[in-house]
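What follows is a single structure, written as structure tokens, with notes after it.
In our numbering, the protein residues as written are 634 to 1428.
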């Protein structure tokens, strides 16, 4: 591994000689000091002209986050905006996804424009999403080496990471190669002093000193190793044709301990005893994947034609030792074997269950966007797409009941069409008092093998009455096929999973069954969204927003949970008990829920205040610029910047109906569909950052309100999940500010991060204030406070 990293480093230091058009690009480059106007013609596709960004961030804004890569920075922005899967443009052109750019160094970003929700449809993407337009520097050539160490302040766990990235950007051409490695230690239950269930004393016990031996044989976090490699790039093949691609590979291994096997034996004298193995039950999981994406973008007259292809391959393997718990007399030990003296591991019926699966996806998609006809407020633009895709999943498993083979194959053929109709436009002086108003309509239809014909209908509107204000609304109804891997995943059995058996109130260790379910039905999702975004004070970058989202999900897919009483009734056959009524196995494989209804409101504000004369990039809002697509971009200054973001998510409704005849499980009033308990009604996210050129500090906090879980029929039968507030801090500085005379410190940066500064964990307790064993704080958050030190060197 060290040899590989060294070899790549030598390539970086030798100049990374890639055949790119550097001289031509250099002729186009203007100095940073002279760049004061960025025109949208250069950076945005025609369909999005006239749509004012909700947020515009320049190079100094990006630097204030202290992110190492473009991916880390965009993750921060997505979290602040509450975005799930925005459409990404790079210099105004569509790319396959964030994978095309996420491994670029953060220094590659010249600017970022965040367009309003709903603009994704106009770019030919998934409806109801935002568009992120990333403007890259015109020239960049770098090799970046990053190394970091993380450790838990409570001890028992540490993690090391290393990464090297080589980047070359020349005009509209770019190439990036990255290799990263992560090595995480296993964390044992004994490292966190977790209490264990009391031992049954109805029989003599051998092979176990006390319950501490069980804790030392169970992992909270696996021993984990991950290697990832990527190669991504783009090239202007002709003035009218460009291409972008990404290739990715991943290798990962996790190894865990699942406790000690126990079984009943009969000794030579005929006495029944219970014995525990000395060797822990082992579990391993491996995941390997390789993927490739290619996108060709062609400008044909006023039309944009794109052809995208993908090819993905993955392989997973799982192994777990398990031993059936004895409930009868058990085998007789040979004469002369004294269980008090020698271990009985050789006499346990321990077997190793195995499962393997391979998945493949091949697809091609043709998109076209262009003007349909001229209207007074602008061109009505149409978009269309044709898609073909093939997914396969092959799996085999054997956990003691014979080999189970499963082979799922699916072909999907589909198409979609959409139209954007401008209703009013201040730029075109048509109903100018309304500003910019657009309506969008989309219809998609797919023939999915095994699922039939599935439709999707979307209606949306995007209204910007004045430049600082945008209002969006949309409705979408979509029929969604069951993912192939959910249909075809192999059966796996994981022993000794600790849960609370709600009907009896006992904490028990069970065999947990997981895998796919070939009998699942397609789901229907209806989504309603309404969002307002305003920038009333652009001088300080003040932005306020509110986003309502309502969903009705029919035949949605969920998992059988032991954390909610209704599941024990609705899926009684999924909970297996022995002859004494003790819960010994739970089948958690996915099922269809009849319906889920949820509503939430997310609102908040952010601002970025320059201190010392530096200004932030913002849209031009003057009357003279009403018909312009230009945005002022002040060159980054040396002044200090103060940034603050606050967002509050209020859950208005979240109910699940397991069947049409069943009463709802109200996740806000004591119901649950997972081990985490009910859903908190309030989530508050806040972050504050203070940064200057090359150094800064950022603090982020999240508070989740209390929730509860009803465990019986009386008011006292409940578990209270306490509110939880966590704080993370990250500080960074360029080393040449500390050691300016050292040659090594040029381009070097050191960062210190503390995750969960207060080492806070959620407290779960019953009506008497007692915490069930399965809900101990270290099960809720095994690691606790983490300190990370990162050294990053750019050559």
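By construction, the Cβ of each residue, glycine as well, lies at the ideal position given by its N, Cα and C atoms. No experiment lies behind these values; they were computed from the predicted model shown.
- request: Less than 8 Å between the CB atoms is what I'm expecting for residue 1331 and residue 699, so what's the real figure, rounded?
  value: 6 Å
field: CB-CB length for residue 1374 against residue 1354, believed under 8 Å
entry: That belief does not hold up - the Cβ atoms of residue 1374 and residue 1354 are roughly 55 Å apart, past 8 Å.
task: Enumerate in chain order the residues of its own chain whose CB-to-CB distance from residue 654 is below 7 Å, with the five nearest sequence positions on each side excluded.
output: Below a pLDDT of 50, predicted positions are generally treated as unreliable, and residue 654, at 33, falls in that range; the measurement from the model is reported next regardless. Taken in chain order, the residues that qualify are 803, 804 and 806.
message: Nearest by alpha-carbon distance to residue 1158: which of 1129, 1091, 1120 and 1067 is it?
response: 1091
- request: Could you tell me the distance, in whole angstroms, from the CA atom of residue 791 to the CA atom of residue 1169?
  value: 46 Å
- request: Pull up the CB-CB distance for residue 1106 and residue 1154, whole angstroms please, since I reckon it's below 8 Å.
  value: 30 Å between Cβ atoms; not a contact.
- prompt: Residues bridged to residue 991 by DSSP?
  reply: 948 and 1027
task: Jot down the residue ranges of each uninterrupted alpha helix (DSSP H) in the region 1103-1177, minimum 4 residues, whole runs only, in chain order.
output: 1117-1121
message: So, with DSSP's three-state summary, where would you put residue 920?
response: strand
message: Whole angstroms are fine: how far does the CA of residue 693 sit from the CA of residue 1101?
response: 22 Å
- prompt: Beta-carbon separation of residue 1197 and residue 1306 under 8 Å?
  reply: yes
- request: Please report how far the alpha carbon of residue 1321 lies from the alpha carbon of residue 795, in whole angstroms.
  value: 28 Å
- request: Pick helix, strand or coil for residue 667, following the three-state DSSP scheme.
  value: Since pLDDT at residue 667 reaches only 29, below the 50 mark, its modelled position is unreliable, and the value read off the structure follows with that caveat. It is helical.
query: Relative to the alpha-carbon of residue 813, which residue among 990, 1382, 797 and 1002 has its alpha-carbon at the smallest distance?
result: 797
- prompt: In three-state terms, what does DSSP make of residue 695?
  reply: helix
query: Given residue 1338, which residues of its chain have a CB within under 6 Å of its CB, disregarding the five upstream and five downstream residues?
result: 1313, 1314, 1315 and 1356
field: Simplified DSSP state of residue 1213, which is helix, strand or coil
entry: coil
field: Cβ shell of residue 704 (< 6 Å), same chain only, five flanking positions each side left out
entry: 735
field: Beta carbon of residue 1067 nearer than 8 Å to that of residue 1003
entry: no
message: Quick check: the region 817-827 against the region 779-789, are at least 3 beta-carbon pairs closer than 8 Å?
response: yes
message: Can you tell me where the beta strand (DSSP E) holding residue 846 begins and where it ends?
response: That residue, residue 846, is in no beta strand (DSSP E); its alpha helix (DSSP H) goes 845-848.
message: Would residue 684 and residue 722 be called neighbours here (beta carbons separated by less than 8 Å)?
response: no
task: Decide yes or no for the touch test of the region 1071-1090 against the region 737-750: beta carbon pairs closer than 8 Å, at least 3 of them.
output: no
query: Which residue from 1099, 1407, 680 and 1283 puts its Cα closest to that of residue 1133?
result: 1407
- request: Using alpha carbons as the reference points, say which of 1230, 1350, 1209 and 1335 lies closest to residue 1297.
  value: 1230
- prompt: Per DSSP, which one or two residues make a beta bridge with residue 770?
  reply: The partner list for residue 770 (beta bridge, DSSP) is empty, contrary to what the question assumes.
Residue 980 in three-state terms, based on DSSP: helix
- request: From the DSSP output, in three-state form, read off residue 714 for me.
  value: helix
- prompt: Going straight from the alpha carbon of residue 1234 to that of residue 749, what length do you get?
  reply: 17 Å
query: Using the C-alpha atoms, what's the distance from residue 1275 back to residue 1264?
result: In this prediction, residue 1264 scores a pLDDT of 33, lower than 50, which makes its location untrustworthy; the coordinate-derived value is nonetheless stated afterwards. Using only the alpha carbons, I get a separation of about 22 Å.
6 Å CB neighbourhood of residue 884 in its chain, flanking five on each side removed: 860 and 921
task: Please report how far the alpha carbon of residue 1015 lies from the alpha carbon of residue 1183, in whole angstroms.
output: 28 Å
task: Taking residue 1301 as the reference, give the member of 928, 689 and 1309 with the closest Cα.
output: 1309
query: Between which two residues does the alpha helix (DSSP H) carrying residue 1338 extend?
result: Segment: none, residue 1338 is in no alpha helix (DSSP H) and carries neither H nor E.
message: Taking 8 Å as the threshold (C-beta atoms), are residue 1414 and residue 1405 in contact?
response: no
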